[in-house]
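Peer 1: Residue numbers (our numbering): 842 to 1373.
#1: Out of 1155, 977, 987, which has the shortest C-alpha to C-alpha gap to residue 1117?
#2: Report yes if the CB atom of residue 1034 is closer than 8 Å to the CB atom of residue 1187, and no otherwise.
#3: Counting only the same chain and skipping the five closest in sequence on each side, list residues whose C-beta sits under 7 Å from that of residue 1279.
#4: Starting from residue 1405, follow the beta strand (DSSP E) in both directions and report where the run begins and ends.
#5: State whether the segment 985-1004 contacts the segment 1027-1046, with contact taken as three or more CB pairs (one from each stretch) at a distance under 8 Å.
#6: Hey, residue 1172 and residue 1250: beta-carbon distance below 8 Å or not?
#7: Measure from the C-beta of residue 1167 to each C-beta in chain D and report whether the shortest distance is under 8 Å.
#8: How many Å lie between residue 1258 and residue 964 at the Cα?
#9: Distance, Cα to Cα, residue 1346 vs residue 1323?
#10: Given this structure, state the Cα-to-Cα distance separating residue 921 from residue 1331, to the nearest angstrom.
#11: Less than 8 Å between the beta carbons of residue 1102 and residue 1092, yes or no?
#12: Note down the Cα distance separating residue 1075 from residue 1128, rounded to an integer number of angstroms.
#13: Please report the straight-line C-alpha distance between residue 1165 and residue 944, rounded to a whole angstrom.
#14: With distance defined between alpha-carbon atoms, name the residue in 1180, 1185, 936 nearest to residue 1253.
#15: Which residue's Cα is closest to the Cα of residue 1151: 942, 1122, 1207?
#16: Would residue 1065 be called buried (16 or more neighbouring beta carbons within 10 Å of its own) or exposed?
#17: For the segment 943-958 against the segment 1014-1025, are there 3 or more C-beta pairs whose distance is under 8 Å?
#18: Under the DSSP definition of a beta bridge, which residues are partnered with residue 1034?
#19: Suppose you measure from the CA of residue 998 to the CA of residue 1049; what does that come to, to the nearest Å?
#20: Is there contact between the segment 1210-1225 and the segment 986-997, where contact requires at least three CB pairs shorter than 8 Å?
#21: Please identify the residue among 1307, 977, 979, 1239 whose C-alpha is closest to the C-alpha of residue 1158.
#22: Taking the runs of the beta strand (DSSP E) that are 3 residues or longer, which of them lie wholly in the segment 941-1013?
#23: Going by DSSP in three states, residue 816 sits in which element: helix, strand or coil?
#24: According to DSSP, simplified to helix, strand and coil, what is residue 1151?
#25: Alpha carbon to alpha carbon, how far is residue 1136 from residue 1123? Give it in angstroms, no decimals.
#26: So, are the CB atoms of residue 1012 and residue 976 less than 8 Å apart?
#27: Taking the C-alpha atoms as reference points, what is the distance between residue 1312 and residue 1288?
#28: Any idea which residues DSSP pairs residue 1422 with across the strands?
#29: Could you check the C-alpha separation between residue 985 and residue 1062 for me, to the nearest Å?
#30: To the nearest angstrom, how far is the alpha carbon of residue 1170 from that of residue 1246?
#31: Starting from residue 929 and walking both ways along the alpha helix (DSSP H), at which residues does that stretch end?
#32: Can you list, in chain order, the residues of its chain with a C-beta nearer than 8 Å to that of residue 1010? Leave out the 5 residues immediately preceding and following it.
#33: In terms of residues, what are the limits of the alpha helix (DSSP H) holding residue 1256?
#34: For the candidate residues 1285, 991, 1215, whose alpha-carbon lies nearest to that of residue 1241?
#35: Since residue 1117 is in the alpha helix (DSSP H), which residue starts that stretch and which ends it?
#36: Can you list, in chain order, the residues of its chain with a C-beta nearer than 6 Å to that of residue 1191? Leave out the 5 residues immediately preceding and following it.
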């Protein structure tokens, strides 16, 4: 049997062996609906179709890797890596047991090892929850912490939560299972963690299993309750709006399921157009509420926009908010400390959004499109200087947080980040021109990271080589040596096959899988900042 066909057969066998019914209620497949009690409506055909679709896409992913010749696989000590999401191999259409997750992990990692992969960035923290619980370790004994928002513990993906076994200082959760299964294969596992991106305010692209307990839900519930109390006697806030705020807060005590929020909005006659969180925040701000300081709001009328004629509406947390920074730091350090053998923490979305969310409305920035400021116009220069002051403050906030995480990590655990590749080439640099690169504030030269992965997915190989050369020259100029390793993130394996990268280290990201299963074939954020 050909090797690729054998891998496909193994994946089909894994699906066939899995039990049909989950141990706990699970979210419905897209389009299946959700009842008022939160129980899933049975929709077996849709679940089966989605599971088959995901399995086929992952097989294509493995087949693409199989086409790599030995000459482009990692040299000794080099990195040949992939980003891997549990959504691709453990979809939330049902729940799983430890044995099932272990079998899937082993089969997946064996397939990757056979193709020369030695580093896996496993998506561990996304949308404010984890594939592993909070863990406390003392005297080589691990204890699972209950999740109490802002106090202890971590919220876990609903379909990857079971009664985890504890073996001495190891909790047998999905992250630890991947670490243990990867070790004999010579593969390092890095926990891929999305820092400040929370979710999309687009019900149509958020899969039902993407909702549930989150590290951020209680902050939203608290804001709604505090503002409702403050507005109780306000002549501007209608009683119906205060009731809406109370009902929404009760929902966020348990879940951030957008379909349930849409029902609440519908009962109160608030239109949402498939963007329920923005509709809720807009209605509350119209009633005189203060902005939620833990979120980045674009404007009171369009809190979470889809700039530059795009569809997706990303919701970002505010890195400058002390409580957000404290919770994120504690969560990531807990994940690292509680999982023996973890090779590293890999930070994604460790930046501000590229379209300027959170900047004062009066600055007139509605997107990341290039804005030019005329030095002969005092009003324009005043806005420019205000932007520069905010950007500098944001740069400091991000650098401080990243370096604090580094200080809290065991030195044996690597710290890395996925970064925007053109930040240093395209930022202002004194040209009185601002764009999404400036707004991202991703000054990773100042970070205490071991390596970065610039996301060069669709770049021409000449551009990739040129940027890598610039990074090396900049570090030599700043520090006299290369202090941060750079591994290009690619999505076209033919670049590696042809040797056009002129780099033996690389990390592969399958955009087909990511966009099919999460973002309906659209990028999370468009980085083309030229005017429409």
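We put the beta carbon where it would ideally sit given N, CA and C, even for glycine. All values derive from a computational prediction rather than experimental measurement.
Peer 2: From the atom records:
#1: When only C-alpha atoms are compared, the closest one is 1155.
#2: Cβ distance < 8 Å, so residue 1034 and residue 1187 count as in contact.
#3: Around residue 1279, the same chain offers 1232, 1268, 1269 as residues with beta carbons nearer than 7 Å, after the five sequence neighbours per side are excluded.
#4: This structure leaves residue 1405 out entirely; the chain is present only between 842 and 1373.
#5: No, the segment 985-1004 does not touch the segment 1027-1046.
#6: Here residue 1172 is not near residue 1250, since their CB atoms are 8 Å or more apart.
#7: Chain labels in this structure do not include chain D; a single protein chain is all it has.
#8: Residue 1258 and residue 964 have their C-alpha atoms some 13 Å from each other.
#9: A straight-line Cα-Cα distance of about 15 Å links residue 1346 and residue 1323.
#10: Going from the Cα of residue 921 to the Cα of residue 1331 covers about 11 Å.
#11: When the beta-carbon positions are compared, residue 1102 and residue 1092 come within less than 8 Å of each other.
#12: Going by the C-alpha atoms only, they are around 9 Å apart.
#13: In a straight line, the C-alpha of residue 1165 is about 36 Å away from that of residue 944.
#14: The shortest C-alpha separation from residue 1253 is found at 1185.
#15: Ranking 942, 1122, 1207 by Cα distance to residue 1151 puts 1207 first.
#16: Per the 10 Å Cβ criterion, buried.
#17: By the Cβ test, the segment 943-958 is in contact with the segment 1014-1025, since at least three Cβ pairs between them sit closer than 8 Å.
#18: For residue 1034, which the question treats as bridged, DSSP gives the partners 966, 1188.
#19: The straight-line gap separating the alpha-carbon atoms of residue 998 and residue 1049 is approximately 12 Å.
#20: Judged by Cβ distances under 8 Å, the segment 1210-1225 makes no contact with the segment 986-997, as fewer than three pairs qualify.
#21: Among 1307, 977, 979, 1239, the Cα nearest to that of residue 1158 is on 1239.
#22: The segment 941-1013 is shown to contain whole beta strand (DSSP E) runs of 3 or more residues at 960-967, 976-979, 982-985, in chain order.
#23: Given that the chain is displayed from residue 842 to residue 1373, the structure contains no residue 816 and the question cannot be resolved.
#24: Coil, per DSSP.
#25: Cα-Cα distance, rounded: 13 Å.
#26: Yes, the Cβ-Cβ distance between residue 1012 and residue 976 is below 8 Å.
#27: Computed Cα separation, rounded: 14 Å.
#28: The chain is shown only over 842 to 1373; residue 1422 falls outside these bounds and no answer can be derived.
#29: Pairing residue 985 with residue 1062, the inter-Cα distance amounts to about 26 Å.
#30: Rounded to whole angstroms, the separation of the alpha carbons of residue 1246 and residue 1170 is 6 Å.
#31: Counting along the chain, the alpha helix (DSSP H) containing residue 929 begins and ends at 927-930.
#32: In its chain, beyond the 5 residues on either side, 978, 981, 982, 983, 1181 have a beta carbon closer than 8 Å to the beta carbon of residue 1010.
#33: Segment 1255-1260 is the beta strand (DSSP E) holding residue 1256; no alpha helix (DSSP H) there.
#34: Nearest Cα to residue 1241 within the set 1285, 991, 1215: 1285.
#35: Segment 1117-1127, the alpha helix (DSSP H) holding residue 1117.
#36: Cβ-Cβ distances below 6 Å link residue 1191 to 1036, 1258 in the same chain, with the five nearest sequence neighbours on each side left out; the list follows chain order.
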